[in-house]
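S.K.: Handing you a structure now.
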Amino acid sequence: MKCSGCGGSDPKHEPRDVAYEYKGRKTTILAITGDYCDACGESILDDDAGDTYMAAIGVFNRDAR
Numbered sequence: 275m276k277c278s279g280c281g282g283s284d285p286k287h288e289p290r291d292v293a294y295e296y297k298g299r300k301t302t303i304l305a306i307t308g309d310y311c312d313a314c315g316e317s318i319l320d321d322d323a324g325d326t327y328m329a330a331i332g333v334f335n336r337d338a339r
């Protein structure tokens with residue numbers, strides 16, 4: 275499978291820590307499993323990983339208020 279973002283290298287399916295920033299505050303969301311392209315930085319998450327990621331940034335964003 276080629277990367278949908280750049281058409282280059284095969285994305286790696288693995289857990290990675292994902293950096294996130296909101297209103298000047300930074301955090302890292304740990305161990306989000308997805309398909310990650312090292313060439314362009316594109317990431318594709320399945321439904322469960324996407325839900326986990328969205329829940330984590332929701333909590334972070336509420337705390338940033």
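First residue of the sequence shown: 275, per the numbering used here; consecutive thereafter.
Heads up, the beta-carbon is just placed ideally off N, CA and C, and yes, glycines get one too.
How many Å lie between G281 and I318 at the Cα?
M.R.: Within the sequence shown, residue 281 is the residue found at index 7, counting from 1. Within the sequence shown, residue 318 is the residue found at index 44, counting from 1. If I take the Cα positions, the gap works out to 14 Å.
S.K.: Within a Cβ cutoff of 8 Å, which residues of the same chain sit near D313, ignoring the five residues on either side of it in sequence?
M.R.: Stepping through the sequence shown from its first residue, residue 313 is reached at position 39. Reading off the sequence shown, one finds Ala at residue 313, where the question assumed Asp. Excluding sequence neighbours, A313 sits near C277, C280, G282, S283.
S.K.: Indicate the three-state DSSP secondary structure (helix, strand or coil) for A330 in the structure shown.
M.R.: Locating residue 330 in the sequence shown gives position 56, where the first residue counts as 1. DSSP places A330 in helix when its eight states are reduced to three.
S.K.: Hey, how far is the Cα of A330 from the Cα of R299?
M.R.: Stepping through the sequence shown from its first residue, residue 330 is reached at position 56. Stepping through the sequence shown from its first residue, residue 299 is reached at position 25. Each residue's Cα considered, the two are about 14 Å apart.
S.K.: Using beta-carbon positions only, say whether D302 and P289 come within less than 8 Å of one another.
M.R.: Indexing the sequence shown from 1 puts residue 302 at position 28. Indexing the sequence shown from 1 puts residue 289 at position 15. Reading off the sequence shown, one finds Thr at residue 302, where the question assumed Asp. No; because the gap between Cβ atoms is not below 8 Å, this pair is not in contact.
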